[in-house]
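Working notes for the structure below.
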Amino acid sequence: MSLDPATTRRIARLARIGLDDQETETVRTQLGGILGWIEILNEVDVEGVPPMVGTSMNTALTRRPDAVTDGNCQEKVLSNAPDRAGPFFTVPKVVE
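Below, the structure is given as structure tokens:
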């Protein structure tokens, strides 16, 4: 499907994207390709296929209980710090 430049500029304006003439042509071509794929998907026969609510078809998944912990890994985290003072990260002063 092909879009005209005016429609492409309108879509860009609605998305608050500023486009010059060359960018408008590039985006017009890309949107045309996307709309072409959508047309192909519309041709797929989905009669009798139940709608999918989520990615997991098994709704009886076991989940661990939510429990707040301190993580118990302070030393492990601080070992990645380029500079530290005791149990704290140190950073350069940014405000005079």
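In terms of the UniProt record's numbering, the sequence shown opens at residue 1 and continues consecutively.
Where a beta carbon is used, it is the ideal one built from N, C-alpha and C, also for glycine.
These figures come from a predicted structure and were not determined experimentally.
- Residues Thr8, Arg9, Ala12 and Val27 of the same chain have their beta carbon placed closer than 8 Å to that of Leu19, with the five preceding and five following residues left out of the count.
- If you draw a straight line from the Cα of Gly32 to the Cα of Arg16, it comes to about 19 Å.
- Cβ contact annotation for Thr24 (same chain, cutoff 8 Å, sequence separation greater than five): Pro5, Thr8, Arg9 and Ala12, in chain order.
- Taking the C-beta atoms as reference points, Met1 is found nearer than 7 Å to Gly36.
- According to the DSSP secondary-structure assignment, Ala85 is paired through a beta bridge with Phe88.
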